[in-house]
Structure formats: C-alpha cells, structure tokens
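Its first residue numbered 1, the sequence shown is counted upward by one per residue in the UniProt record's numbering. Below is one structure, written out as structure tokens; the observations come after it.
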Amino acid sequence: MNNPRDHHYVPQCYLREFGNEQKLVCLNLLLTLKGINVKFSFMEPRQICYIKDYYKIIKTDYFDLNKYHENHIELNAFSKLENQYRKVIQNIITKQEVNLEDGLIICDFILNLKIRNPSFNKFIDHHKERNNEIAKKQLIENLMNDQRFKHYSYSFLKMLVDYFGDQ
C-alpha cells in the first residue's frame with residue numbers, strides 16, 4: 001500500500017492550477033513576516049503546503065480507530081474529495097459556468113481548505129479552553145432550566161459537567 005508521508009493541507013490538484021509548467025512562484029511568508037529578506041523561488045506543488053504525517057491516525061484510548069490504516073484520511077478520504085475537486089476545477093475552466101452540484105462541491109472545497117489549514121487549527125487550539133468554558137456554562141444553564149433536572153443543585157450539575165466535559 002502506498003504510504004505517503006507528506007500530507008498536503010492545500011490539495012495539490014488546486015495548487016497545480018496556479019503553476020506555470022508545473023512550477024509555482026513561491027515565497028516563504030512566515031520568514032517574510034519575521035522580517036527576514038527572502039527571495040521568490042519556483043517549486044512544484046508536491047514541495048509546498050504539506051506537513052509530515054499531518055493526518056496520520058494515531059491510536060488512542062478514547063477512540064477506537066484500529067480498523068483504519070494510519071493513512072486512511074490521506075489515502076481514502078482526501079483522495080476521493082480531491083478527485084471531485086479536480087473535475088470541478090476543469091469544468092469551470094472549460095465551461096466558464098458553475099451548476100448547482102459543482103457549486104456544492106466548491107463550497108465543500110472551501111470548507112476543507114479552511115479546516116485543513118494548520119493556522120486554523122492553531123486558532124481553534126488557542127480558543128479551545130475559553131470555548132469549552134462557555135459551552136459548559138451554557139450546558140449547566142440549560143440543565144438548570146430543564147424540568148427533569150430542577151431537583152439537582154447547581155453545584156452537583158456543575159460537578160457533572162466539569163467531570164464529563166474534561167473527558
């Protein structure tokens with residue numbers, strides 16, 4: 001079985017559409033933002049926008065993922081989606097129009113670009129604790145207002161939410 005290690009967070013089929021004879025003009029934005037003087041370079045789509053083993057499934061105690069190959073996401077899920085994207089991109093280029101089905105695939109593509117991006121994951125991680133606390137408070141409030149839980153004290157419900165919320 002093919003076992004890719006370079007997992008692209010921007011699909012190569014998308015990157016190829018911006019290339020000139022399979023090469024892209026690239027600039028390391030992270031270095032530029034740090035004030036380091038960098039030059040443009042020409043790179044192939046396979047050389048950019050990837051992280052080693054980014055989507056590799058790691059065995060855990062809290063999810064039963066044993067039935068999946070460690071590269072299931074990269075090999076199965078994303079390859080199927082990217083084949084759809086490639087067809088839609090070619091349709092748009094040749095026909096210069098978008099039908100409803102292609103439009104839905106484009107929406108899915110945009111969402112995938114967002115959630116696959118490491119910057120978005122850093123943003124989510126940065127706000128995770130605050131968002132969890134907001135969700136816990138809302139859950140406690142909902143439980144307190146639910147007739148089925150009226151006889152429980154606030155402190156008991158908070159303890160339950162805190163316990164199960166941290167699992």
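Glycine included, C-beta positions come from ideal geometry on N, C-alpha and C.
In terms of CA proximity to Q138, K158 leads the group I124, S119 and K158.
Within the segment 23–59, the runs of alpha helix (DSSP H) that reach at least 4 residues and sit entirely inside it are, in chain order, 29–33. Counting only runs of 4 or more residues that sit fully inside the segment 64–95, the alpha helix (DSSP H) segments are 79–95, in chain order. Taking the Cα positions, S79 is about 11 Å away from H8.
A check of alpha carbon separations from M43 across N66, L29 and L24 identifies L24 as the nearest. With 16 or more other CB atoms across the displayed protein chains lying within 10 angstroms of its CB, I105 is buried. Under the three-state reduction of DSSP, N20 is assigned to strand. Spatial neighbours of Q22 in its own chain (CB-CB distance under 8 Å, excluding positions within 5 residues in sequence) are listed in chain order as R16, E44 and P45.
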